[in-house]
């Protein structure tokens, strides 16, 4: 099944952490694509946070959604993430956005991700991968949702950010 995962980081060494995260996630299946890297201002949470680096990837996996979510949370923990406060700054954030046409009304998992189609910092990287990706419930595509948003806070940083030179 194709799963779309959003990646974000704003503490420590975000670029290196996101590179590490792509390698970790690749052990869970086949990475079919990785977006450009974006720099974005924090949305919500405590004030004074540094900007985020955000990206997305498509993973073809045999793991079921809850198994994949558990593996993503495990990778976050191994990267040093501690969950204390909602929308706090973080070493690594891995969000399962869409898993095929799977619909789940958690907890512990809600699919599609409940706020993904409201956030330009999620949609812009997803658009790099599949602008026609449709919300499994509403049918609205990533491109349609992104067109109705203010993307002025997004700054594309790099297309070749996975190269280590």
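In full-length UniProt numbering, the protein residues as written are 1 to 165. Beta carbons are placed, not taken as given, at the ideal position from N, Cα and C, and that holds for glycine.
{"Item": "When 32, 89 and 110 are compared against residue 56, the one with the closest alpha-carbon", "Value": "32"}
{"Item": "Reduced DSSP category for residue 151 - H, G, I as helix; E, B as strand; rest coil", "Value": "coil"}
{"Item": "Span of the alpha helix (DSSP H), counted from its first residue to its last, around residue 25", "Value": "14-26"}
{"Item": "Terminal residues of the alpha helix (DSSP H) in which residue 10 lies", "Value": "Where residue 10 is concerned, there is no enclosing alpha helix (DSSP H), given that its DSSP letter is neither H nor E."}
{"Item": "Element boundaries [beta strand (DSSP E), containing residue 54]", "Value": "52-60"}
{"Item": "CA-to-CA distance, residue 147 to residue 141, given in whole angstroms", "Value": "10 Å"}
{"Item": "Beta-carbon proximity of residue 174 to residue 37, cut-off 8 Å", "Value": "Lying before the first or after the last residue shown, residue 174 is absent from the chain, which here runs from 1 to 165."}
{"Item": "DSSP three-state assignment for residue 169, whether helix, strand or coil", "Value": "Within the shown structure, residues of the chain are numbered from 1 to 165, placing residue 169 beyond reach of any answer."}
{"Item": "Of the residues 125, 94, 145 and 106, the one placed nearest residue 134, counting alpha carbons only", "Value": "145"}
{"Item": "Test item: CB-CB of residue 21 and residue 116 under 8 Å", "Value": "no"}
{"Item": "Residue 59 vs residue 109 beta-carbon contact at 8 Å", "Value": "no"}
{"Item": "Residue from 48, 139 and 113 whose Cα sits closest to the Cα of residue 6", "Value": "113"}
{"Item": "C-alpha distance - residue 8 paired with residue 23, whole-angstrom precision", "Value": "15 Å"}
{"Item": "Backbone CA spacing between residue 128 and residue 41 [nearest angstrom]", "Value": "19 Å"}
{"Item": "Pair within 8 Å by beta-carbon distance, residue 71 and residue 63", "Value": "yes"}
{"Item": "Pair within 8 Å by beta-carbon distance, residue 138 and residue 91", "Value": "no"}
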